[in-house]
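Colleague: Here it is: the structure, laid out below.
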Amino acid sequence: MQNTITLFFGLLLSFGLTGCLYSGNQFNASDHTHTTKPIPRQLAVSQRLPTQCSAELLSPARFQEESIKVLVYSGAASYSNIPAEMVWSETKIQVEPARYAQETEPAQYEEFEDIIEVERARSELYATPAQYQKVAREIVLKPQHKRWKQGCLAGSQAACLDTIEAELVKIPTEIIKEPAQIHQRSIPAKTIKIKRKQLLKSGKGIGPIIPARYETIKLLRISKPWKIISSLVPAQYKTILVQRKLKDERLLNMPVACAEHLSLEQIKQIQLALIQTGQNITSTGNLDAATIDALHAFQEANNLAIGGLSLETLRKLGLA
Numbered sequence: 004m005q006n007t008i009t010l011f012f013g014l015l016l017s018f019g020l021t022g023c024l025y026s027g028n029q030f031n032a033s034d035h036t037h038t039t040k041p042i043p044r045q046l047a048v049s050q051r052l053p054t055q056c057s058a059e060l061l062s063p064a065r066f067q068e069e070s071i072k073v074l075v076y077s078g079a080a081s082y083s084n085i086p087a088e089m090v091w092s093e094t095k096i097q098v099e100p101a102r103y104a105q106e107t108e109p110a111q112y113e114e115f116e117d118i119i120e121v122e123r124a125r126s127e128l129y130a131t132p133a134q135y136q137k138v139a140r141e142i143v144l145k146p147q148h149k150r151w152k153q154g155c156l157a158g159s160q161a162a163c164l165d166t167i168e169a170e171l172v173k174i175p176t177e178i179i180k181e182p183a184q185i186h187q188r189s190i191p192a193k194t195i196k197i198k199r200k201q202l203l204k205s206g207k208g209i210g211p212i213i214p215a216r217y218e219t220i221k222l223l224r225i226s227k228p229w230k231i232i233s234s235l236v237p238a239q240y241k242t243i244l245v246q247r248k249l250k251d252e253r254l255l256n257m258p259v260a261c262a263e264h265l266s267l268e269q270i271k272q273i274q275l276a277l278i279q280t281g282q283n284i285t286s287t288g289n290l291d292a293a294t295i296d297a298l299h300a301f302q303e304a305n306n307l308a309i310g311g312l313s314l315e316t317l318r319k320l321g322l323a
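Read in order, the letters of the sequence shown are residues 4 to 323 in the numbering used here.
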């Protein structure tokens, strides 16, 4: 029984090998399905747009945004006055000598007017603050430059260049009109006048003696000298954003497609190529203002000369 089963499977295997061999003789590689990567289609020579005209196109100015610091308040030296500290003191000055209450021989006196210095003359330094004035400083936010007009195509009768005036801003600024200064001044002495009696010849007498008479005088004296403290008031700045010109604009004479000779299909080719780059237009077959503006936007985004269907633009669009 076991030998019978073995023989049966052997026959089946033989038939299977024979079938494989037979089918191998009929193999054709073209009958098998296989995946290949699509080869990008090149634009036929007849479909490429000719550039038989020439026109002046604008290579626009290039700008870079940067922040700058603008002075709004000038820094300056500052001085603080610390005046001298003064104190009062008192002194007594004899204005009449002592004498006898009852004079038998009167004393002889000389009356005079005495000048008493109650405050000494001195000199001291003092400071005056800086004087400021307000001005408006003009800052160029973006320099003057030329721009291609919207909807204008090179070679048309209209002038396609606009001059864009510089963008300016006025920044209020406080600048020094007169700096802080240190001056010297003289303070004269202060005096008072009092009448006094000076004894020339003593008198004689009896009885008690009348004591001399004094007047109390107040004197002003310096206890701590003046001083000046200097400091620096820092400058103040404001940060603003400006467009710095990296490259001036230029007019370039370049080969371009003759717009007036473009066919409906050629214009549609241009429109479809612009749509594929993300421009929001419709393929109408008309070289309308929307198409021209989309063309200019594409040229500006790719640093191409602006204004017409130049050879470099057509190459970038895959149309040349």
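We put the CB at the ideal spot given by N, CA and C, even for glycine.
For the alpha helix (DSSP H) that contains Arg318, what are its first and last residues?
Modeller: 314-319
Colleague: For Leu60, collect the residues of the same chain with a Cβ closer than 7 Å to its Cβ; drop the 5 residues on either side in sequence, then sort them by chain order.
Modeller: The beta carbon of Leu60 sits closer than 7 Å to those of Ala157, Leu255, Met257, Ala308, Ile309, Gly310, Gly311, Ser313, all from its chain and outside the five residues before and after it, given in chain order.
Colleague: For Leu144, does the count of other Cβ atoms within 10 angstroms reach 16, so buried, or fall short, so exposed?
Modeller: exposed
Colleague: Which residues share a DSSP beta bridge with Asn256?
Modeller: Glu59
Colleague: I'd like to confirm the pairing. Which residues does DSSP put opposite Asp165 in its beta bridges?
Modeller: Arg150
Colleague: Please list the terminal residues of the continuous alpha helix (DSSP H) segment that includes Asp296.
Modeller: 292-304
Colleague: Using CA coordinates, which residue listed in Lys193, Val172, Cys155, Leu171 is at the minimum distance from Asp165?
Modeller: For Asp165, the nearest C-alpha among the options comes from Cys155.
Colleague: Should Glu113 and Leu203 be called a contact, given that it needs their Cβ atoms to be closer than 8 Å?
Modeller: yes
Colleague: What residue range does the alpha helix (DSSP H) around Leu277 cover?
Modeller: 267-279
Colleague: Mark Ala1 as exposed unless 16 or more other C-beta atoms lie within 10 angstroms of its C-beta, in which case mark it buried.
Modeller: Here the chain comprises residues numbered 4 to 323, so residue 1 is not present and cannot be evaluated.
Colleague: Could you tell me the alpha carbon to alpha carbon distance between His299 and Gln246, rounded to whole angstroms?
Modeller: 21 Å
Colleague: Does the count of Cβ pairs from the stretch 275-287 and the stretch 214-223 closer than 8 Å reach three?
Modeller: no
Colleague: Let me know if Thr330 comes out buried or exposed under the rule of 16 or more other beta-carbons within 10 Å of its beta-carbon.
Modeller: Since the first residue shown for the chain is 4 and the last is 323, residue 330 is missing from the structure and cannot be characterised.
Colleague: Whose C-beta lies closer than 8 Å to the C-beta of Ser81 among residues of the same chain, with five residues either side of it excluded?
Modeller: Pro132, Ala133, Ala183, Ser233, Ser234, Leu235, Val236
Colleague: Helix, strand or coil: which one does DSSP assign to Ala262?
Modeller: helix
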